[in-house]
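>
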Amino acid sequence: MDFDEYFKPDISQRVEMSNGKYRLFALKEKGEGRTKMAHEQVTMPPVPMDMVFNYINEFLNQLVDKPISLSKLGSIALDGKDEDIIGHGIWVKDTFKWKPQSSKPPYLSSDKKYTIIQEQFNLGFQKDLVWLKFTEDGYVGVVADSSDINHSYTNTAGRLLREVNRTWDTSNLFIFPITSAMTKHKTRKQIENGIGKYLIYKGVPIIDFYSHNNF
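So the sequence shown is numbered by our numbering: it starts at 1425 and just counts up by one.
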């Protein structure tokens, strides 16, 4: 696939709103497309987490002008615990509670972990993140963005997890800070979309299969 194709969203599960922007179909709209796809995804074996992490780093290295080493580059202290920085991403292996972001603009979270990440990676905005969470049996549950990390069962990803009888793994979380070296080429939303499509291309099952197309 041509590299630029990864940044183009799949429009099959999107609807245009009155303001000209797009949103994904809710689970009960347009049949059961998102639910059906979740069931299809869990018929495939999950891909090991380290391979998923490497795939994302591989993708991001194609985006930036100067590729970086994909080995461990250091650590970041979140809630007093050191988490590994490997290539472009942070592999969080401790169970944290993440405070929700505000429901009002500019939608910031009071959670200091976001501020720490923003400062260490010199991000323009707190929400310049793409993150992935997993099921306890190793499936990618969702590819998401912004400063709203959660393990909820009441949002779309959580409801899809319930549909396929899975639970969240709260001790493994991938966070990829979207740095200026990346946004000089593509927006955060485009990069989120690209990561999701690249993982699909690599054969990685994603339960909330269409979530990264939400722009």
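Just so it is clear, CB atoms sit at the ideal spot from N, CA and C, and this is done for glycine as well.
Note that the structure is a prediction, hence the values are computed from the model and not measured.
Tell me, please, whether the stretch 1539-1555 touches the stretch 1588-1596 by the rule of three or more beta-carbon pairs shorter than 8 Å.
Touching, no, given that fewer than three Cβ pairs across the two stretches are closer than 8 Å.
> In this structure, does DSSP put residue 1527 in helix, strand or coil?
Position 103 of the sequence shown, counted from the first residue, corresponds to residue 1527. DSSP places residue 1527 in coil when its eight states are reduced to three.
> If you follow the alpha helix (DSSP H) that residue 1607 is in, where does it begin and where does it stop?
The residue you call residue 1607 lines up with position 183 of the sequence shown. From DSSP, the alpha helix (DSSP H) with residue 1607 extends over 1604-1607.
> The alpha helix (DSSP H) that contains residue 1483, what's its start and end?
Along the sequence shown, one-based indexing puts residue 1483 at 59. Counting along the chain, the alpha helix (DSSP H) containing residue 1483 begins and ends at 1473-1487.
> Just reading off the beta strand (DSSP E) that residue 1594 is part of, what are its end residues?
On the sequence shown, position 170 is the one that residue 1594 refers to. Residue 1594 -> beta strand (DSSP E) spans 1592-1601.
> Of the choices 1619, 1605, 1633 and 1630, whose alpha-carbon is the least far from that of residue 1489?
Walking along the sequence shown from the start, residue 1489 turns up at place 65. The option with the nearest alpha carbon to residue 1489 is 1605.
> Assign residue 1507 to one of three DSSP states: helix, strand, or coil.
Residue numbering aside, residue 1507 sits at position 83 when the sequence shown is read from its first letter. Of the three classes helix, strand and coil, the one that applies to residue 1507 here is strand, per DSSP.
> Taking contact to mean 3 or more Cβ pairs, one atom from each stretch, closer than 8 Å, check whether the stretch 1581-1591 and the stretch 1607-1616 are in contact.
Counting Cβ pairs under 8 Å, fewer than three are found: no touch.
> Return helix, strand or coil for residue 1615, following the three-state DSSP convention.
Sequence index remark: in the sequence shown, residue 1615 carries index 191 (1-based). In this structure, residue 1615 counts as helix in the three-state DSSP scheme.
> Mapping the DSSP letters down to three states, classify residue 1565 as helix, strand or coil.
As a first step, residue 1565 must be located in the sequence shown, where it is residue number 141. Note: residue 1565 maps to strand in three-state DSSP.
> Would DSSP call residue 1521 helix, strand or coil?
Counting from 1 along the sequence shown, the entry for residue 1521 is found at position 97. Reduced to three states, the DSSP call for residue 1521 is coil.
> Determine the DSSP secondary structure at residue 1492, reduced to helix, strand or coil.
Working through the sequence shown from its first residue, we reach residue 1492 at position 68. Residue state, collapsed to three classes: coil.
> In this structure, how does DSSP classify residue 1457 when only helix, strand and coil are distinguished?
Indexing the sequence shown from 1 puts residue 1457 at position 33. It is helical.
> Between residue 1532 and residue 1571, is the Cβ-Cβ spacing less than 9 Å?
Taking the first residue of the sequence shown as position 1, residue 1532 is located at position 108. Taking the first residue of the sequence shown as position 1, residue 1571 is located at position 147. Yes.
> Just to confirm before moving on: does the CB-CB distance between residue 1471 and residue 1556 stay below 9 Å?
Here the question's residue 1471 lines up with position 47 in the sequence shown. Here the question's residue 1556 lines up with position 132 in the sequence shown. Contact: no.
> How is the beta strand (DSSP E) around residue 1559 delimited, first residue to last?
Working through the sequence shown from its first residue, we reach residue 1559 at position 135. Unbroken beta strand (DSSP E) run through residue 1559: 1553-1559.
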